[in-house]
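Take a look at the structure set out below.
As structure tokens, then:
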């Protein structure tokens with residue numbers, strides 16, 4: 001009696017199923033591993049200046065250096081940045097920029113790359129002179145949270 005024709009198809013189908021499941025697991029594992037390593041992304045403020053454009057009013061501009069050591073690009077989503085006078089943590093009276101007024105360029109940081117991103121935050125008219133002095137004297141500091149997106153999921157990192 002001859003063997004049924006479906007007998008050689010069974011090992012081939014099983015092999016295809018194992019390869020497909022292994023590939024799906026590998027891709028999911030790599031993405032999850034990168035997600036767990038998101039804390040390695042860094043953001044630091046390099047330079048803060050004061051400007052007073054006629055159309056927007058006084059504001060501070062800050063250059064943020066964002067480093068991405070991951071094997072995948074990440075997107076900049078939003079920023080909460082506070083510029084203040086003195087040492088951290090800032091008191092309410094130390095604030096130079098208006099809280100929650102920061103705006104940042106929407107950029108993609110390439111895998112294993114570093115990008116300088118420009119951010120702006122409003123300054124109250126009554127704080128312009130104090131901000132100018134603090135920047136000139138080197139007593140201005142900044143802290144914040146940068147929201148980034150990796151593989152469709154958002155996360156925050158500290159900005160110092």
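Numbering (full-length UniProt numbering), first residue to last: 1 to 160. Every residue, glycine too, gets a C-beta built ideally from N, C-alpha and C.
Straight-line gap, residue i to residue j (C-alpha atoms, nearest Å)
i, j, result
"residue 140", "residue 83", "7 Å"
"residue 47", "residue 132", "14 Å"
"residue 142", "residue 45", "7 Å"
"residue 104", "residue 154", "16 Å"
"residue 11", "residue 42", "49 Å"
"residue 13", "residue 75", "40 Å"
"residue 134", "residue 23", "56 Å"
"residue 91", "residue 85", "9 Å"
Sequence-distant residues of its chain with Cβ nearer than 8 Å to residue i (five each side left out)
i, result
"residue 114", "65, 66, 67, 68"
"residue 125", "57, 58"
"residue 98", "121, 122, 123, 124"
Three-way DSSP call (helix, strand, coil) for residue i in this model
i, result
"residue 14", "helix"
"residue 70", "coil"
"residue 19", "helix"
"residue 62", "strand"
"residue 43", "strand"
"residue 158", "strand"
Proximal residues to residue i (C-beta, below 6 Å), its chain only, five neighbours per side dropped
i, result
"residue 127", "96"
"residue 110", "73"
Contacting residues, own chain, Cβ-Cβ under 7 Å from residue i (five flanking each side not counted)
i, result
"residue 37", "70"
8 Å contact criterion, which residue i and residue j should meet: CB distance rounded
i, j, result
"residue 144", "residue 50", "Actually they do not touch by this definition, with Cβ atoms about 17 Å apart."
"residue 148", "residue 157", "7 Å"
* Asked: Could you give the uninterrupted runs of the beta strand (DSSP E) lying entirely in the segment 99-142, keeping only those of 3 residues or more?
  -> 113-122
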